[in-house]
Each structure stands twice: as structure tokens, then as C-alpha cells.
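Peer 1: Have a look at this one before I ask anything.
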Amino acid sequence: MSEPSTVERRTLAELARPSSGLKRTTKQKLTRGSLYSVFVIVIVLAAFLADWGAIQRSFLNPDIAREMFPRILTIAARNTVIFTITSFSLGLLLGLLLALMKLSTIRPYRWFSNIYIEIFRGLPALLTVLLVGFAIPIAFEGFRWRDCSVVPGCGTYGAGTVGLGLVAAAYMAETIRAGIEAVPKGQMEAARSLGMSRGWALLSIIIPQAFRIIIPPLTNELILLIKDTSLLFVLGTSDATKELTKFGRDFANLKFNGTPYIVVGLVYLMITIPMTRVVARLEARNKKAR
Amino acid sequence: MSQAPAAAADTQIAIDVRELHKYFGELEVLKGIDFHVKHGEVVCVIGPSGSGKSTLLRCVNRLEEPTSGSIHIEGLDITDPEVSLDMVRAKIGMVFQQFNLFPHLTVLRNLTIAQRRVLKRKSSVAEETARRNLERVGLSDKIDAFPAQLSGGQQQRVAIARALSMDPDMMLFDEPTSALDPELVGEVLEVMRGLADEGMTMMVVTHEMGFANQVADRVVFMDGGVVVEEGPPKEVLGNPREERTKKFLSMVL
Numbered sequence: 000m001s002e003p004s005t006v007e008r009r010t011l012a013e014l015a016r017p018s019s020g021l022k023r024t025t026k027q028k029l030t031r032g033s034l035y036s037v038f039v040i041v042i043v044l045a046a047f048l049a050d051w052g053a054i055q056r057s058f059l060n061p062d063i064a065r066e067m068f069p070r071i072l073t074i075a076a077r078n079t080v081i082f083t084i085t086s087f088s089l090g091l092l093l094g095l096l097l098a099l100m101k102l103s104t105i106r107p108y109r110w111f112s113n114i115y116i117e118i119f120r121g122l123p124a125l126l127t128v129l130l131v132g133f134a135i136p137i138a139f140e141g142f143r144w145r146d147c148s149v150v151p152g153c154g155t156y157g158a159g160t161v162g163l164g165l166v167a168a169a170y171m172a173e174t175i176r177a178g179i180e181a182v183p184k185g186q187m188e189a190a191r192s193l194g195m196s197r198g199w200a201l202l203s204i205i206i207p208q209a210f211r212i213i214i215p216p217l218t219n220e221l222i223l224l225i226k227d228t229s230l231l232f233v234l235g236t237s238d239a240t241k242e243l244t245k246f247g248r249d250f251a252n253l254k255f256n257g258t259p260y261i262v263v264g265l266v267y268l269m270i271t272i273p274m275t276r277v278v279a280r281l282e283a284r285n286k287k288a289r
Numbered sequence: 000m001s002q003a004p005a006a007a008a009d010t011q012i013a014i015d016v017r018e019l020h021k022y023f024g025e026l027e028v029l030k031g032i033d034f035h036v037k038h039g040e041v042v043c044v045i046g047p048s049g050s051g052k053s054t055l056l057r058c059v060n061r062l063e064e065p066t067s068g069s070i071h072i073e074g075l076d077i078t079d080p081e082v083s084l085d086m087v088r089a090k091i092g093m094v095f096q097q098f099n100l101f102p103h104l105t106v107l108r109n110l111t112i113a114q115r116r117v118l119k120r121k122s123s124v125a126e127e128t129a130r131r132n133l134e135r136v137g138l139s140d141k142i143d144a145f146p147a148q149l150s151g152g153q154q155q156r157v158a159i160a161r162a163l164s165m166d167p168d169m170m171l172f173d174e175p176t177s178a179l180d181p182e183l184v185g186e187v188l189e190v191m192r193g194l195a196d197e198g199m200t201m202m203v204v205t206h207e208m209g210f211a212n213q214v215a216d217r218v219v220f221m222d223g224g225v226v227v228e229e230g231p232p233k234e235v236l237g238n239p240r241e242e243r244t245k246k247f248l249s250m251v252l
């Protein structure tokens with residue numbers, strides 16, 4: 000047996016009731032109160048110091064805002080949505096393929112997938128867009144991005160959406176792979192024990208469950224893509240192919256006023272916020288089937 | 000030990016395992032197992048954890064790749080690379096400790112998906128088979144539920160119905176009640192007992208000594224990767240010859 004400790008032993012009651020005098024609840028109230036007051040003071044200061052008249056003239060001019068309609072919706076927002084959906088679909092398909100290659104037993108497939116992901120995750124999206132837009136037509140003589148005008152959003156912007164899709168695929172491949180690996184091993188075993196082939200088990204049992212798991216990160220990727228479509232102006236635009244940011248910029252330059260930026264910003268939020276709400280509901284519904 | 004081809008081709012024997020070795024890396028988990036199950040026989044495999052009994056069961060439908068040895072199912076050598084494992088597995092029902100129902104599918108779809116895909120049954124036939132087997136496990140009212148809405152015992156009964164829907168020739172049970180709350184064990188064992196009474200060929204890895212005692216035709220006791228003792232339950236469980244069996248039984252009973 001060790002010797003009795005010489006350190007003074009205090010009872011729990013002594014330790015848990017400090018003698019500072021303040022009750023625990025009083026202390027909590029004080030802390031919260033001061034946090035609130037800092038917040039209010041900062042806002043009030045900002046409100047007093049800002050020149051509201053100038054802000055209204057330069058950024059909240061209703062006449063300029065009105066002039067942007069309806070083209071901001073019929074052309075700019077529509078283009079943004081089309082470019083986003085096209086590049087997301089491409090990224091998703093290619094990302095799934097890369098994820099499966101990364102999980103493959105065939106080594107060169109894994110190498111290819113790893114190298115692809117490293118490259119396209121490492122390059123700035125803008126650079127990829129430029130490379131796809133300008134380098135590919137030069138490399139393959141006779142190939143013009145404009146040739147594929149059958150598909151909506153194609154043309155010059157076809158190159159841009161392909162570029163964005165290539166970048167998105169790299170990110171999505173990692174997400175999808177993680178999702179597939181998060182599905183319990185027993186699922187594959189159960190499917191195989193019923194006689195299903197590996198490929199069919201992946202397709203009908205594993206991948207559907209993986210996608211349920213990765214809905215939140217995929218939504219993130221979609222929102223990133225919506226914003227990245229603003230890079231596509233670098234490939235040159237016509238009036239018909241402007242997306243939201245380019246449209247706002249041109250309008251702002253034309254009117255020498257910041258209002259278009261605010262309006263365009265609101266339109267972006269009108270797209271992204273409802274979308275995140277829908278996905279949140281979808282997720283809640285899916286929980287039932289987990 | 001020489002393999003007798005005549006005996007190996009005996010179709011009277013549902014599962015015939017000879018000289019089975021299985022390594023996980025350096026670790027030898029199965030050290031030359033000879034094991035068989037005849038048609039209509041219920042064999043319970045018991046033993047301490049790590050004895051290799053689950054690995055043996057998983058080798059029978061090749062979820063685990065045997066390192067060496069032979070496995071014949073109804074006379075067919077399934078270690079032969081020419082054999083279609085998918086079709087062999089379709090004829091061997093398997094029930095897992097963790098149920099492994101497909102959580103994104105309803106109970107009905109859980110029961111029909113492999114029938115449609117593997118056995119190429121029409122959807123009406125597959126559904127009819129599913130309904131019949133759900134009734135067999137007493138869960139007809141859960142046909143449209145998702146697995147997460149069921150209790151553990153109900154999930155395991157659905158898993159049994161799923162395996163039965165493939166009209167298997169034999170059933171493998173890998174500790175089917177080990178993940179269940181004690182009050183849910185009975186309903187699953189009841190379903191298994193019913194199957195045994197109907198003459199289903201069954202290999203059951205279990206810790207339920209009562210079930211083994213009452214239902215099994217034969218009990219196999221494994222320890223350290225070998226079969227230590229086997230025989231009728233009354234002998235192996237009631238009057239074991241081997242010291243290791245006695246020691247194990249004294250700990251679990």
C-alpha cells in the first residue's frame with residue numbers, strides 16, 4: 000500500500016462551490032449579456048458611420064434594377080442554370096467512373112484515377128477552362144467547340160462547361176469513393192450471397208446507398224459549380240451566352256453604377272437557397288430508409 | 000490424406016468439406032477441416048470466438064476464399080474455377096449476424112431483387128414467392144416497411160425470408176441471434192426451428208446451446224481451427240469426451 004497522500008484532499012462540495020460569491024447562473028447571464036452588447040454596438044456603429052445616401056445611389060438604384068429585367072432572368076440566370084446542370088452532370092458521370100476506377104483491382108485504372116484527381120484538383124478551375132477552350136481545338140485540327148450547337152449551352156460555352164465538369168469530376172470522384180466505402184461491407188456480402196454479380200451489386204445495392212450518404216457534399220459541389228460558371232466569360236461571350244456575373248458586370252459598366260451587382264447577387268441566392276432547402280428535405284426523407 | 004473422388008461426387012451430401020485450410024496473412028484460421036452436412040440434416044457448429052467456425056461457414060459459399068482444400072456442394076466442386084459461383088450462391092441461402100438487409104429498399108424489394116435479377120423470375124412470380132415467405136416468418140404486414148422501421152428480430156426474420164425466396168437447397172446461419180436483444184432471440188429461433196421441421200438442410204453457427212440441443216441432428220465443436228469433437232447433441236453437449244469441449248461447455252452453460 001502507498002502512504003496516505005500528503006496533498007490536501009478536498010471534498011466535492013468544496014470544489015464545486017467556489018467561494019467567488021457569484022452564482023453559476025448569474026455568471027452565465029453576465030457573459031451572454033456582454034456578448035450581445037458587443038454585437039449590438041458594432042452594428043449600430045456601422046449603421047451610423049456608413050453614408051447611406053451614397054450607398055443607395057450607387058448600389059440600390061431601383062430604376063437601374065428595373066432595367067435589368069427580364070433579360071437577367073430569361074438570358075443570364077437561364078444560362079447560369081444550363082451551364083451548371085451541364086457541367087454537374089458531366090462531373091457526376093465522370094466522377095462516378097473515376098471513383099470506380101480508384102476502387103478497381105486493376106492497378107493502371109487506380110493510377111489513372113489518382114493522377115487525374117491530383118491534376119484537376121490542383122489546377123485552378125480558370126486555367127482548366129482556358130486549356131479546354133483554347134488548347135483542344137488547336138490540338139485536334141478541325142475540332143471546333145461551336146460545332147455542337149444542338150445541345151443547349153454548347154458552343155463556346157460548351158468548352159467551358161466541359162472544363163468545369165472535368166474539375167468537378169476530380170472532387171466528386173473522391174466524394175463518391177468515400178461514399179461507396181462508407182457502405183457497410185455486409186451489404187456487398189449479402190448481395191453476393193444471393194447470387195448477384197459484383198457489378199450488379201455495386202449498381203443496385205452499394206451505389207444507391209453511397210449517394211444517400213454523399214448528398215450533402217454533392218450539394219456543396221453543385222453550389223460551387225453555380226458560382227464557378229462565372230469564370231466562363233474568359234472564353235468570350237455574345238449577348239445570348241452571358242451568364243449572371245458577366246451580365247451584371249456589363250450592366251454595371253454600362254450604367255456606371257453598382258446596383259447590377261446587388262441584383263445579380265440576389266438572383267444567385269434565389270437559386271442556391273431554395274436548392275439547399277430542397278436537399279435538406281430530401282435528406283430528412285431519406286433518413287427514414289436508412 | 001487422399002481424396003476419394005467417388006465420395007466427393009456423392010450428391011447425397013449437401014456440403015462436403017475436405018482438408019480445408021484458410022490463412023489470413025500469416026494466421027492459420029482453419030487447420031485442415033473435414034466437415035459435411037447431409038441433405039435434410041441440421042448441423043450446429045459451436046465453439047469459442049476465434050475458433051474459425053464463422054470462417055468455415057463463409058468458405059462454404061466462398062464469401063471467404065479457402066487457401067487449400069476442397070468444397071463440394073451437392074457433388075459439385077465449387078473451388079473449380081469453371082463453376083459459376085453466382086449460381087451456386089443463389090442455391091445456398093445465407094443469414095448474417097448483422098441481418099444485412101438492404102436499407103434503401105422496402106421489405107418486398109429486399110425479397111424480390113435477387114429473384115428478378117439472378118433467377119430471372121417475372122415480377123408477379125417473385126412477388127408471390129416473397130409474400131409466401133414473409134407469411135412463413137409471420138411478417139406479412141411489414142411488406143411495405145423499410146428495414147429501419149423493424150425491430151432486430153423482425154429484420155432477421157425478413158433476412159431469413161429473403162434467403163428462402165431464392166428457393167435454396169440449403170441454409171447457412173452465421174450466428175443469427177448474436178446481435179439481438181435477448182427478448183427477440185426466441186422469435187428468430189422459432190422460425191429456424193420451423194425450417195428444420197420442414198426438412199431444410201441447415202448449417203448453423205451459434206451460441207444458442209438450447210437450440211443446438213433440441214434442433215440439431217449433429218453438433219460440431221470447433222476450437223483453434225480444428226474440429227475437436229462431433230456427434231449427436233446429447234453426446235457432445237451432454238457427455239463430451241474431449242477435455243476442451245468440457246471446458247467450453249462449462250463456461251457457456
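These protein sequences, in sequence, are chains A and B. Following numbering that gives the first Met the number 0, the numbering of the first sequence begins with 0 at its first residue and continues without gaps. Following numbering that gives the first Met the number 0, the numbering of the second sequence begins with 0 at its first residue and continues without gaps. Glycine residues also receive a C-beta, built at the ideal position from the N, C-alpha and C atoms.
DSSP three-state label for residue 22 (chain A), please.
Peer 2: Residue mapping note: residue 22 (chain A) aligns to position 23 of the first sequence, counting from 1. Residue 22 (chain A) falls in the coil class under three-state DSSP.
Peer 1: Report the three-state DSSP secondary structure of residue 265 (chain A) (helix, strand or coil).
Peer 2: As a first step, residue 265 (chain A) must be located in the first sequence, where it is residue number 266. The answer is helix: DSSP assigns residue 265 (chain A) an H, G or I state.
Peer 1: Under the three-state reduction of DSSP, which class applies to residue 117 (chain B): helix, strand or coil?
Peer 2: Within the second sequence, numbered from 1, the residue matching residue 117 (chain B) stands at position 118. Reduced to three states, the DSSP call for residue 117 (chain B) is coil.
Peer 1: So what does DSSP say about residue 30 (chain B), is it helix, strand or coil?
Peer 2: As a position in the second sequence, residue 30 (chain B) is number 31, starting the count at 1. Three-state DSSP puts residue 30 (chain B) in a strand.
Peer 1: Judging by CA-CA distance, which residue of B:30, B:169, B:132 and B:92 is the nearest neighbour of residue 160 (chain B)?
Peer 2: By 1-based counting over the second sequence, the position of residue 160 (chain B) is 161. Nearest C-alpha to residue 160 (chain B): B:132.
Peer 1: Closest to residue 247 (chain B) by CA distance: which of B:110, B:214 and B:50 is it?
Peer 2: Working through the second sequence from its first residue, we reach residue 247 (chain B) at position 248. Minimum Cα distance to residue 247 (chain B) is reached at B:50.
Peer 1: Looking only at C-alpha atoms, which of B:59, B:84 and B:204 sits nearest to residue 172 (chain B)?
Peer 2: Indexing the second sequence from 1 puts residue 172 (chain B) at position 173. Taking only the C-alpha atoms, the option nearest residue 172 (chain B) is B:204.
Peer 1: What residue ranges within the stretch 54 to 130 of chain B form continuous beta strand (DSSP E) runs of no fewer than 3 residues, ordered along the chain?
Peer 2: If only uninterrupted beta strand (DSSP E) runs of at least 3 residues are considered, those enclosed by the stretch 54 to 130 of chain B are 67 to 72 and 91 to 94.
Peer 1: When the Cα atoms are used, what is the spatial distance from residue 105 (chain B) to residue 13 (chain B)?
Peer 2: In the second sequence, residue 105 (chain B) corresponds to position 106, counting from 1. In the second sequence, residue 13 (chain B) corresponds to position 14, counting from 1. About 32 Å.
Peer 1: Residue 241 (chain B) to residue 54 (chain B), Cα distance in whole Å?
Peer 2: For this step, residue 241 (chain B) is matched to residue 242 along the second sequence. For this step, residue 54 (chain B) is matched to residue 55 along the second sequence. Spanning the two alpha carbons is a distance of roughly 23 Å.
Peer 1: Have a look at residue 30 (chain B) and residue 210 (chain A) and give me their C-alpha separation to the nearest angstrom.
Peer 2: What you label residue 30 (chain B) is simply residue 31 of the second sequence in a count that begins at 1. What you label residue 210 (chain A) is simply residue 211 of the first sequence in a count that begins at 1. Those two C-alpha atoms are separated by around 42 Å.
Peer 1: Which ranges does the beta strand (DSSP E) cover as unbroken runs of at least 3 residues, wholly within the stretch 123 to 211 of chain A, from first to last along the chain?
Peer 2: none
Peer 1: Using a Cβ-Cβ cutoff of 7 Å, what residues of the stretch 174 to 205 of chain A are near chain B? List them in chain order.
Peer 2: 185, 186, 188, 189, 191, 192, 193, 194, 195, 196, 199, 203 and 204
Peer 1: Please work out which residues of its chain come closer than 7 Å, Cβ to Cβ, to residue 182 (chain B), disregarding the five sequence neighbours upstream and downstream, and give them in chain order.
Peer 2: Mapped onto the second sequence, residue 182 (chain B) falls at position 183. Excluding sequence neighbours, residue 182 (chain B) sits near nothing in its chain.
Peer 1: Could you say which of A:124, A:111, A:193 and A:11 lies nearest to residue 158 (chain B) if we only look at CA atoms?
Peer 2: Here residue 158 (chain B) refers to the residue found at position 159 when the second sequence is read from its first residue. Nearest option by C-alpha distance: A:193.
Peer 1: Ordered along the chain, which non-local residues of its own chain (more than five positions away) have a Cβ less than 8 Å from that of residue 195 (chain B)?
Peer 2: Against the second sequence, residue 195 (chain B) aligns to sequence position 196. So the list reads 41, 201 and 214, once near-sequence residues are dropped.
Peer 1: With 7 Å as the C-beta to C-beta threshold (strictly closer), list the residues of the stretch 50 to 71 of chain A near chain B in chain order.
Peer 2: none
Peer 1: Among A:239, A:225, A:236 and A:284, which residue has its Cα nearest to the Cα of residue 270 (chain A)?
Peer 2: In the first sequence, residue 270 (chain A) corresponds to position 271, counting from 1. By alpha-carbon distance to residue 270 (chain A), the top candidate from A:239, A:225, A:236 and A:284 is A:225.
Peer 1: Is the stretch 271 to 283 of chain A touching the stretch 91 to 101 of chain A, taking contact as three or more C-beta pairs under 8 Å?
Peer 2: no
Peer 1: Going by Cα to Cα distance, which pick from B:167, B:15, B:154 and B:22 is closest to residue 86 (chain B)?
Peer 2: Working through the second sequence from its first residue, we reach residue 86 (chain B) at position 87. The residue with the shortest Cα to Cα distance from residue 86 (chain B) is B:167.
Peer 1: Using the beta-carbon of each residue, which ones in chain B are nearer than 8 Å to residue 211 (chain A)?
Peer 2: The count along the first sequence starts at 1 and reaches residue 211 (chain A) at position 212. Those within 8 Å of residue 211 (chain A) in chain B are 103.
Peer 1: For residue 95 (chain B), which residues in chain A fall below 9 Å Cβ to Cβ?
Peer 2: As a position in the second sequence, residue 95 (chain B) is number 96, starting the count at 1. The contacting residues are 185, 188, 189 and 192.
Peer 1: By DSSP, does residue 213 (chain A) sit in helix, in strand, or in coil?
Peer 2: Looking up residue 213 (chain A) in the first sequence gives position 214. Three-state DSSP puts residue 213 (chain A) in coil, outside helix and strand.
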